[in-house]
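Let me begin by presenting the structure, written as structure tokens, before commenting on it.
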Amino acid sequence: MTQMGASFFLPAVDLYDKLTPFYHLIYADWKSTIRQHGEALDQIIRSAGVELPCAVLDAACGIGTQTLGLASLGYQVTASDFCAASVDRAKNEAIQRGLSIETAVADMRELYAHHNRTFDVVIACDNAIPHLLSDAEILVALKEFHRCTAPGGLCLISVRDYTNVELRGPAQLHPNGVHQVEKSRYVLLQVWNPLPPLHETIFYIIEHREGALPITHTSRAICYAVPIYRLMRLMDEAGFHEVRRVDGVFFQPVIIGRKKGERNETPDER
């Protein structure tokens, strides 16, 4: 990652470095979530006319929620993220499940330089794009996604619909539940501090081991509350066409675009 990339992502790196060991606790049942996310993305990809064999680049893999789901369905997945700790965990989670994935630490805005190849599908899910804090930075990343997408291939990004989120006024509390793991209890909370058009997220994880006093882990990041209609325009500007929004399949709205050309190669032929 370049110095520019490292400094720009510093708050997000702080968040995910500290959150990586606990990230699966955000979900009520991470194993089921992996399966559900994989099946939902598979449905969207197939409905757009892309069938297996299919090479996927997960450009914001995190700890592997979407990567593992797609790999378990037979997709050939390459997973990258700006957070080295998350990439390491995704790799280890794949090994434990007997799944074969390629991994790399890569800034979304320098994606092609890291991977130096194209894929049938490029994805960035679970509100990863808003960690880029301006339209200009997002456009740089989307142009890199376009470079990494094979002719006729797809780009899928999922984001929070910020038009339905109140980002003015006082701080907001967003609980993520209570989880019991063996003899430890974890309480997860998010506090959103509105800074329109940005918002700061502070994550609190209260770890209470049996027989000990609770320990609180904290981390923070800044996100850009970019509207979906603007992201669609930026995808079009980056070179994708047939850009559209898909609701009701994935847990977040999905924006999908296609790279012009015909998909006529298998992943092994590239």
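Taking our numbering, the leading residue of the sequence shown gets 4, the next gets one more, and so forth.
For each residue, glycine too, the CB sits at the ideal point set by N, CA and C.
Take the alpha-carbon of Leu198 and the one of Arg171: they are about 8 Å apart.
When rounded, the separation of the alpha-carbon atoms in Met238 and His211 is 44 Å.
Residues Thr23, Tyr26, His27, Ser89, Arg92, Ala93, Glu96 of the same chain have their beta carbon placed closer than 8 Å to that of Ile66, with the five preceding and five following residues left out of the count. Where Asp45 is concerned, the enclosing alpha helix (DSSP H) starts and stops at 33 to 50. A Cβ-Cβ separation of about 6 Å places Leu159 in contact with Ile47 under the 8 Å criterion.
Between Gln39 and Val59, the C-beta gap is not smaller than 9 Å, which leaves the two residues out of contact. Assigned with DSSP and collapsed to three states, Val252 falls in coil, not helix or strand. Spanning the alpha carbons of Lys263 and Gly155 requires a straight line of approximately 5 Å. DSSP places Leu73 within a helical segment (H, G or I) once states are collapsed to three.
Spatial neighbours of Val143 in its own chain (CB-CB distance under 6 Å, excluding positions within 5 residues in sequence) are listed in chain order as Arg112.
Put simply, the backbone Cα of Phe206 is about 22 Å away from that of Gln69. By the neighbour-count definition (other C-beta atoms within 10 Å, threshold 16), Ala215 is an exposed residue.
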